[in-house]
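Per our numbering, the sequence shown starts with residue 1, numbered consecutively. Ideal Cβ positions, reconstructed from N, Cα and C, are used throughout, including at glycine.
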Amino acid sequence: MMRKHSVLLRLLPVLIVLIPQISSGQSRGSATPIRAVIGTGGGTAATDGEWRLQGTVGQSTVGMTFWESIELGHGFWLPIERATSQITINSDVASSEAALQNFPNPFNLSTEIRYSISDQSLVNLSIYDMSGQLVRPIVNEELQPGSYKNDWNGEDASGDLAATGFYLCLLTISPSGSTAEATTYREIISFVR
């Protein structure tokens, strides 16, 4: 009896969405809504003939079901509106986006980390693992304006070779003698042995 009520409760949102669509004769049209799942991500899809099913791994009641002219969204979906607007790009910000780069990425012997600073600044360049633990400090000193290159050979602060995986390279620039706040840039580095 409890299982029957559970099934009915799961079908109720489906019927609430499906009945108005069928009764009004709505079809899918040419617009395709973009949707995002609140909670666990990932998804699965299956197509067979005129049926197309799409869902989210681990959440059987979240997904989209299509049949002929009927599109049914069930579960907890967050619609994302498509919007186009004019975007103004600040050239200072755009140039700073390229302030931190590394090559090659992924790497197995050494990667060259490049960055540039526009003012005399205290510069901190460090490598962290994905849990936020410091693996190796690379630079922590006052530098003049210019472009710089530093290598990371995959070793931690003790000189031991770090494990294969993803690492976060953080560059923090604190302008000297200025009231400007420090700026931190992030780059993900993939180390493969």
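Item	Value
Determine which residues share a DSSP beta bridge with Thr184 and list them.	Thr172
Span of the beta strand (DSSP E) holding Val139?	134–143
Tell whether a beta-carbon distance below 9 Å holds between Ile127 and Arg136.	yes
Three-state secondary structure (DSSP) at Leu109?	coil
For the putative contact between Asn124 and Thr172, defined by C-beta atoms under 8 Å, what is the C-beta separation to the nearest angstrom?	4 Å
Does the ligand SAH have a heavy atom nearer than 8 Å to the CB of Pro137?	By its list of ligands, the structure shown contains no ligand whatsoever, and the ligand SAH lies outside what it can speak to.
Nearest CA to the CA of Phe166: which residue from Thr179, Lys149, Arg186, Ser158?	Arg186
Restricting to Cα atoms, I'd like to know which of Leu100, Leu143, Glu155, Asn153 is closest to Ser174.	Leu143
I'd like to check one pair, Pro145 with Ser178: are the Cβ atoms closer than 9 Å?	no
With distances taken from CA atoms, which of Pro106, Asn150, Met130, Ser121 is nearest Thr183?	Ser121
Starting from Gly146, trace the beta strand (DSSP E) both ways and give me its first and last residue.	146–152
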